[in-house]
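Student: Handing you a structure now.
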Amino acid sequence: MEINAKQDIQSIVGSESTISENDTFDRLYVIKRNGQLMKYDANRIIATMKKAFLSVEEAKTRSFSGEEIVTQLANQITVTFQKKRPSGGTVRIEAIQDKVERTLIYAGLHKVARSYILYRKRRCKQREIQKATTYDCNNGNSIYITSDDGSKVSLDDCWLTRIVHLACRGLKDVDADQILSQTKNNLFDGITLQEAYKALVMTARTLVENEPNYSYVAARLLLHNLYSEVLDGLNINHNLAYEEISKYYSEAFKTFIKKGIELEHLDPKLNNFNLDHLAKALWSRNDKKFTYLSLQTLYDRYLIHHNQVRIELPQVFFMRVAMGLAQSERDDYNERAIEFYKVLSSFDFMNSTPTLFNAGTPFPQLSSCFLTTIPDSLEGIYNALKDNALLSKYAGGLGNDWSQVRAMGAYIKGTNGKSLGIVPFLNVADATAVAVNQGGKRKGAVCAYLEIWHMDIEEFLDLRKNTGDDRRRTHDMNTANWIPDLFMKRVFENKFWTLFSPDEVPDLHDKFGSSFEEAYISYENQALRGEIRAKTIFSISLWRKILSMLFETGHPWVTFKDACNLRSPQQHVGVVHSSNLCTEITLNTSADEIAVCNLGSINLANHITEGKLDIKKLGCTIKTAIRMLDNVIDINYYSVPQARNSNLKHRPIGLGLMGFQDALYMQKIPYASEDAIQFADRSMEIISYYAIKSSMELAKERGVYKTFLGSLWSQGILPIDSIQLLRNDRGDKYLQQNTSQTLNWEHLRQQIKIHGLRNSNVMAIAPTATISNICGISQSIEPTYRNLFVKSNLSGEFTVINPHLVTELKSRNLWDDVMVHDLKYHNGSVQKIGRIPKDIKKLYETAFEVEPQWLVKAASRRQKWIDQAQSFNLYMAEPSGKKLDSLYRMAWLYGLKTTYYLRSMGASGTEKSTIHDTTLNAVVNETTGHVSLNKDPDCEVCQ
Numbered sequence: 001m002e003i004n005a006k007q008d009i010q011s012i013v014g015s016e017s018t019i020s021e022n023d024t025f026d027r028l029y030v031i032k033r034n035g036q037l038m039k040y041d042a043n044r045i046i047a048t049m050k051k052a053f054l055s056v057e058e059a060k061t062r063s064f065s066g067e068e069i070v071t072q073l074a075n076q077i078t079v080t081f082q083k084k085r086p087s088g089g090t091v092r093i094e095a096i097q098d099k100v101e102r103t104l105i106y107a108g109l110h111k112v113a114r115s116y117i118l119y120r121k122r123r124c125k126q127r128e129i130q131k132a133t134t135y136d137c138n139n140g141n142s143i144y145i146t147s148d149d150g151s152k153v154s155l156d157d158c159w160l161t162r163i164v165h166l167a168c169r170g171l172k173d174v175d176a177d178q179i180l181s182q183t184k185n186n187l188f189d190g191i192t193l194q195e196a197y198k199a200l201v202m203t204a205r206t207l208v209e210n211e212p213n214y215s216y217v218a219a220r221l222l223l224h225n226l227y228s229e230v231l232d233g234l235n236i237n238h239n240l241a242y243e244e245i246s247k248y249y250s251e252a253f254k255t256f257i258k259k260g261i262e263l264e265h266l267d268p269k270l271n272n273f274n275l276d277h278l279a280k281a282l283w284s285r286n287d288k289k290f291t292y293l294s295l296q297t298l299y300d301r302y303l304i305h306h307n308q309v310r311i312e313l314p315q316v317f318f319m320r321v322a323m324g325l326a327q328s329e330r331d332d333y334n335e336r337a338i339e340f341y342k343v344l345s346s347f348d349f350m351n352s353t354p355t356l357f358n359a360g361t362p363f364p365q366l367s368s369c370f371l372t373t374i375p376d377s378l379e380g381i382y383n384a385l386k387d388n389a390l391l392s393k394y395a396g397g398l399g400n401d402w403s404q405v406r407a408m409g410a411y412i413k414g415t416n417g418k419s420l421g422i423v424p425f426l427n428v429a430d431a432t433a434v435a436v437n438q439g440g441k442r443k444g445a446v447c448a449y450l451e452i453w454h455m456d457i458e459e460f461l462d463l464r465k466n467t468g469d470d471r472r473r474t475h476d477m478n479t480a481n482w483i484p485d486l487f488m489k490r491v492f493e494n495k496f497w498t499l500f501s502p503d504e505v506p507d508l509h510d511k512f513g514s515s516f517e518e519a520y521i522s523y524e525n526q527a528l529r530g531e532i533r534a535k536t537i538f539s540i541s542l543w544r545k546i547l548s549m550l551f552e553t554g555h556p557w558v559t560f561k562d563a564c565n566l567r568s569p570q571q572h573v574g575v576v577h578s579s580n581l582c583t584e585i586t587l588n589t590s591a592d593e594i595a596v597c598n599l600g601s602i603n604l605a606n607h608i609t610e611g612k613l614d615i616k617k618l619g620c621t622i623k624t625a626i627r628m629l630d631n632v633i634d635i636n637y638y639s640v641p642q643a644r645n646s647n648l649k650h651r652p653i654g655l656g657l658m659g660f661q662d663a664l665y666m667q668k669i670p671y672a673s674e675d676a677i678q679f680a681d682r683s684m685e686i687i688s689y690y691a692i693k694s695s696m697e698l699a700k701e702r703g704v705y706k707t708f709l710g711s712l713w714s715q716g717i718l719p720i721d722s723i724q725l726l727r728n729d730r731g732d733k734y735l736q737q738n739t740s741q742t743l744n745w746e747h748l749r750q751q752i753k754i755h756g757l758r759n760s761n762v763m764a765i766a767p768t769a770t771i772s773n774i775c776g777i778s779q780s781i782e783p784t785y786r787n788l789f790v791k792s793n794l795s796g797e798f799t800v801i802n803p804h805l806v807t808e809l810k811s812r813n814l815w816d817d818v819m820v821h822d823l824k825y826h827n828g829s830v831q832k833i834g835r836i837p838k839d840i841k842k843l844y845e846t847a848f849e850v851e852p853q854w855l856v857k858a859a860s861r862r863q864k865w866i867d868q869a870q871s872f873n874l875y876m877a878e879p880s881g882k883k884l885d886s887l888y889r890m891a892w893l894y895g896l897k898t899t900y901y902l903r904s905m906g907a908s909g910t911e912k913s914t915i916h917d918t919t920l921n922a923v924v925n926e927t928t929g930h931v932s933l934n935k936d937p938d939c940e941v942c943q
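FYI, in this note's numbering the residues of the sequence shown are 1 to 943.
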C-alpha cells in the first residue's frame, strides 16, 4: 500500500485510536532487556515509528500529515495495552516492538513495516557485538572510592568490567575475568579512581610472563587513563566509559595545538598548518600498537605536560613531531607533515629522542649528540665545558676529544709551573654533565676520548675504577680510547710503544694512517735523543691494561682512529678526532666546528613481509626518513655557534636501523649463522643504496652541501669503495673485510658525480635504547638479551618476554605453566630445557649464548656499507684475558671503526629471574664468578 496525501488517516489507523482521558500511565511499566523497569512512554514509540516512515517515504511524508499518522498509530498501540492492563502492570520491550510491527502491517504500511523490522535486526546485531563488552557485573559491591572532592561513592563494577573487557578485545589467550578477579582482591574502601586504574594496569603487567599479549592489555588500560587525563587537561567533555577515543581525537589535536601555543609549549608556527586537514589524517587505531613498556616510556618522558598533567595524546604526539619537521618544506607542508606522521605512527621509522622531545616546540634542539675538541689552554678548556653545559641543556649527549690537552708534568709557560694533566679537568667535566640534565627529562651524559699515545693514558684507564683517590675518578663519565693502526700493529708484533705529551708533539693529533706513522716514529727518534719528554712501555702491556679495565669496569671503549679517518668522505676538510657518546658518529671537529649528530632509525622488522625483506617498502621509507633528517638541520635550535656552522656547512645525518633480531626471527634465521651474516650484509647494502640515492635526489631539489667538492663522494668513492683506501694504508695482512656487492652501484656513482649529495654523511647505526622500546622491538643490531627478564630504565621495571619464542612454542603445543617455570628457572634461556627441540634452541640463543665472533662478522658486513660507524656492543658470558684479546684483535682486523660496551656475566649487576609464586622479580645474579658486568645503563641519549 502506498501513502499519499489524499488518503484518509482514519482509513489507515482504524477507529480504536483514542486514549482514555481517565487513564494515566503511572502504573504501567516497561521491562527492558537488562531487567530494569522504566515508565511506559508513548513518545518513544512515536519517535521510532517516525524514523521508519522517513527512511521509506522521505520527501513524500513531508507532503501530508505524516506526523498525525504516526501519533494515531502509536495511540492505537497504547490503547491495546490499556485494555489488557486496566489496573496497570508491566510489559516487555519486545512485546511493544512486536505490536508496532503488526500495527504497521495491518495498516497496509508494508514498506514502513519492513524498514522497522530491518531496524530491529540491526539493533539486535549491535547488541550481540556490544555483549562482548557488556558483561555480568555485581553492582552490589561494597567498595567505595574517594572522589576528587573527598566524598565517597560506590565503585561502578559494570564500568570496571567493561574497561577490562574492552582492553582484552581482539587479543588471543588473555582472560579479562582473571584480571578483574585479581584486581578486586587488591581494592579497598577509600581507594581513589587513579589507584583503581593503576591496580588494573599492575595486575595485567604481572601476567605478561605467562602471555605476551597481556603487555597490550596493560597498555590499553594505561591508554584509558591517559585519554581521560589528556581530555580533562584540555577541558574537553567526554564519556570514555561508553564512547571510543576516535570521537575525541580531532578535537583533542586542535585544542592541544591552540593551548600548547598559549602555554608556550609549542611553536606558534604550528598554527600555519591546516589543522582540520591534519586531524583527519590521525590514526587513533594505531594506539593499539603500543606495548606496556612502549606506552609507559612515552607517557613518562615524551608526551608534553602542563603542571604534570599530560595534554598530548599518542597520535597527536607523532603529528606534532611531523609538523615540527615539515616546517621547512617549501611546497605543501601539510602533505609532508602527513607523510612524516605516517612513518612515525606506523613505527616504520623513528627519529631520535631529542627530535621527539623538541620538534614543534619553541626550542627545537633536535640533534642527538655533539662532538667537540678541547683546546690546550685554560680559557679554551672552560669555554668547552660551558659549551658542554649549553649543549646538554636541550637533550644533547657529548663526545669530547681531550688529546690536545698537555699531560701531567708538562711545562706551563705562563706560570712557569707544571701541568696536573687532564684528570682534574675530566673530573669537572664529569660533574658538569651530572649538574646539567638533558631538557629536564634525563641526566646529562658525556664521553671523553683520549689518543693512546697520550702520556696520561694510564691514569685515564683507571678513571672508572671504584677504588683509589676519588678526585682522580669520574664515576659518571664514559671513556674511550682513540687507537691508531700503528699501535695495533705493534701489539701484533709485540713491540714497544711510546707515550708523549701533546704540547711537544702537536701535529700527531691531526695526522692519521701512514702520515701519522711517519710523524710518530720521528718523535720516537727525538725522544731517544733526549730532545722531548717521553715514556716507553711494552705495547702488549698497555693493551692488556685496556682489556683489564674493560673486564673490570666496561671502560674505556675501544675505537679505531685510522679506520674512521681513512674511510671518512670528508677527510679533505678536516680530521675525525673522536666519536660521540655512543661510538657511531665519525665527524670532523676543530676549534671552529662542533660536529652534530642528526639521527633516526628504520624499523627493519616492519619491512619483513611473508618472511622476506620488502625492498620496495624499505626504499619508500628511507626516502621519507632522509628528508626528515635533512629538515632537522634547518629547523634545529643551536645553542652554540660552532655547532650551527658545522651542521649547516656539511649537513651530516645518521640513518640507522633497529629490530635486526626481530627481522631474523621472522625469517627463522639464527643470529649465529652464515645466513644471519648474509642478511646483515644484504639489508645494509639496500639501506645504504637507498639512503645515498635519496640524499642525491634531495641535492637535485635543494642543492649540494657546501663542502661536497673534493670529498670522496665527488670522486666517485662510496663507502664500499673506501675499504680499499684502508687496505692500501694498513696492508692486506691486517684487513680481512669482505667487499662483495649485489646492486648496481656504478650507476649511482655517476649520478652523484653529476648531481652531488645533500649530506656529507648519511648513515650511522645508533643504539636506539629508547625508541626501540616505543616501537616494541629489539634494540638496534643487538641480539636478544634474554627470552625472559626484567628490564629497568628511567620509567621503572618491566617484564620482557620474547613473543616470537612464545608463538613458536604455542605452535608446537609446548607453551604452558611448566614452560614458564622452566624459563624462569633457567634465567630466560631455552638451552637446558629438555623438551624444547634443537632448532628452537638454535634460533633462540641469547646474547651471551651467541659466540661473539658471529657478532663481529655481522658488524663487519654492515660496516662496509656505512660512511660513519655503528654502536656495537660485545657480549661474553665468561670473559678471560685471552678471549678478550682475541675478540678485540678480530674487531680491528675485520675493519670495524668502533666498539661500544663490553657486556659480561658476573657477580654484580646481572638480572636473574627468580620464582616467587607466579611473579618475576629482578635480583642480583648469585652465580659464582669474578667477572663484573659493566654497570652502566643503556645509553638513552642518541636514541
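Where a beta carbon is used, it is the ideal one built from N, C-alpha and C, also for glycine.
Three or more C-beta pairs under 8 angstroms: does that hold for the region 721-731 against the region 575-594?
Tutor: Contact fails: fewer than three Cβ-Cβ distances are below 8 angstroms.
Student: Based on the DSSP output, what are the partners of S154 in its beta bridges?
Tutor: The partner list for S154 (beta bridge, DSSP) reads Y144.
Student: Note down, in chain order, each residue of its chain lying with its Cβ closer than 8 angstroms to the Cβ of L187, except the 5 sequence neighbours on either side.
Tutor: Closer than 8 angstroms at the Cβ level, and outside the excluded window around L187, lie I143, L155, A196 and A199.
Student: Kindly indicate the opening and closing residues of the beta strand (DSSP E) around G619.
Tutor: Note, G619: premise wrong, no beta strand (DSSP E); alpha helix (DSSP H) at I615 to I635.
Student: Using only the alpha-carbon positions, how far apart do A869 and E584 sit?
Tutor: Taking the straight line from one Cα to the other gives about 4 angstroms.
Student: Is K254 near the ligand FMN, with its Cβ less than 7 angstroms from a heavy atom?
Tutor: Among the components modelled here there is no ligand, and therefore nothing to report on the ligand FMN.
Student: Where do the N-terminal and C-terminal ends of the beta strand (DSSP E) with S904 fall, by residue?
Tutor: First-last of the beta strand (DSSP E) with S904: L902 to S904.
Student: What residues match up with D401 in a beta bridge as DSSP calls it?
Tutor: Paired residue(s): T373 and Y449.
Student: Name the one or two DSSP bridge partners that T945 has.
Tutor: Because the chain here runs from 1 to 943, residue 945 falls outside it and cannot be looked at.
Student: Going by Cα to Cα distance, which pick from A445, A279, A47 and G656 is closest to L599?
Tutor: Selected option, being the one with the closest Cα: G656.
Student: Can you tell me whether L712 is buried or exposed, with buried defined as 16 or more other CB within 10 angstroms of its CB?
Tutor: By the neighbour-count rule (16 or more Cβ atoms within 10 Å), L712 is buried.
Student: From D885 to V850, what does the alpha carbon distance come to, in whole angstroms?
Tutor: Cα-Cα distance, rounded: 18 angstroms.
Student: Can you tell me whether D401 is buried or exposed? The criterion is at least 16 other CB atoms within 10 Å of its CB, across all chains shown.
Tutor: Per the 10 Å Cβ criterion, buried.
Student: What number of angstroms, rounded off, separates the C-alpha of T914 from the C-alpha of V806?
Tutor: Confidence at T914 is low in this model, with a pLDDT of 28, below 50, so the placement of that residue is unreliable and no value is reported for it.
Student: Which same chain residues end up closer than 8 angstroms to P879 when comparing Cβ atoms and leaving out the 5 residues on each side of it in sequence?
Tutor: F551, L902, S904 and V931.
Student: Could you give the DSSP three-state label for N358: helix, strand or coil?
Tutor: Helix.
Student: Whose C-alpha, out of G324, S151, L240 and K83, is nearest the C-alpha of W159?
Tutor: It is L240 whose Cα lies nearest to the Cα of W159.
Student: By how many angstroms is the C-alpha of L528 removed from the C-alpha of S392?
Tutor: Between S392 and L528, the C-alpha separation is close to 44 angstroms.
Student: Check this for me: beta carbons of A219 and F317, under 8 angstroms apart or not?
Tutor: Contact flag unset, no.
Student: Under the DSSP definition of a beta bridge, which residues are partnered with I537?
Tutor: W497, per the DSSP bridge assignment.
Student: By DSSP, does K804 sit in helix, in strand, or in coil?
Tutor: Residue identity check: residue 804 is His in the sequence provided, not Lys. Three-state result, H804: helix.
Student: Excluding the 5 residues flanking V491 on each side, which residues of the same chain have their C-beta closer than 8 angstroms to its C-beta?
Tutor: Same-chain partners within the cutoff: S539, I540, W543 and R889.
Student: To the nearest angstrom, how far is it from the Cα of P767 to the Cα of S722?
Tutor: About 24 angstroms.
Student: Taking C-alpha atoms, which residue in C597, Q182 and L28 lies nearest to Y946?
Tutor: Residue 946 lies beyond the stretch modelled for the chain, which goes from 1 to 943, so this question has no answer here.
Student: I'd like the span of the beta strand (DSSP E) that includes S646, first residue to last.
Tutor: Per DSSP, S646 belongs to no beta strand (DSSP E); it is in the alpha helix (DSSP H), P641 to H650.
Student: Going residue by residue through the region 292-363, where are the continuous alpha helix (DSSP H) segments of at least 4 residues, counting only ones entirely within it?
Tutor: Segments of the alpha helix (DSSP H) lying fully in the region 292-363: 292-301, 314-326, 333-345 and 353-358.
Student: For N525, which of L587, T553, S548 and F496 has the nearest alpha-carbon?
Tutor: Checked all of L587, T553, S548 and F496; the closest Cα to N525 is F496.
Student: Which class does Y411 belong to by DSSP, given the choice of helix, strand or coil?
Tutor: DSSP places Y411 in strand when its eight states are reduced to three.
Student: Find the nearest neighbour of A252 within the set R310, Y214 and L221, judged by alpha-carbon distance.
Tutor: The shortest Cα separation from A252 among R310, Y214 and L221 belongs to R310.
Student: Can you tell me whether M684 is buried or exposed? The criterion is at least 16 other CB atoms within 10 Å of its CB, across all chains shown.
Tutor: Its Cβ being crowded by 16 or more others within 10 Å, M684 is buried.
Student: Among T372, N494 and R862, which has the Cα closest to the Cα of S646?
Tutor: Cα-wise, what sits closest to S646 is T372.
Student: Applying the criterion that 16 or more other CB atoms from any shown protein chain within 10 Å of the CB defines a buried residue, is D192 buried or exposed?
Tutor: Checking the sequence shown, residue 192 turns out to be Thr, not Asp. By the 10 Å Cβ count, T192 comes out exposed.
Student: Name the residue from R85, Q678, V856 and P803 whose alpha carbon lies nearest to the alpha carbon of N210.
Tutor: Measuring from the Cα of N210, the nearest candidate turns out to be P803.
Student: Quick check: what's the CA-CA separation for K535 versus K413?
Tutor: Rounded to whole angstroms, K535 to K413 spans 22 angstroms at the Cα level.
Student: With C-beta atoms as the reference, is T846 less than 8 angstroms away from N773?
Tutor: In this structure, N773 does not lie closer than 8 angstroms to T846 by Cβ.
Student: Determine the burial state of A59: buried for a count of at least 16 other Cβ atoms within 10 Å of its Cβ, exposed for fewer.
Tutor: Residue placement at A59 is flagged as unreliable, the pLDDT there being 39, under the threshold of 50; a coordinate-derived value is accordingly withheld.
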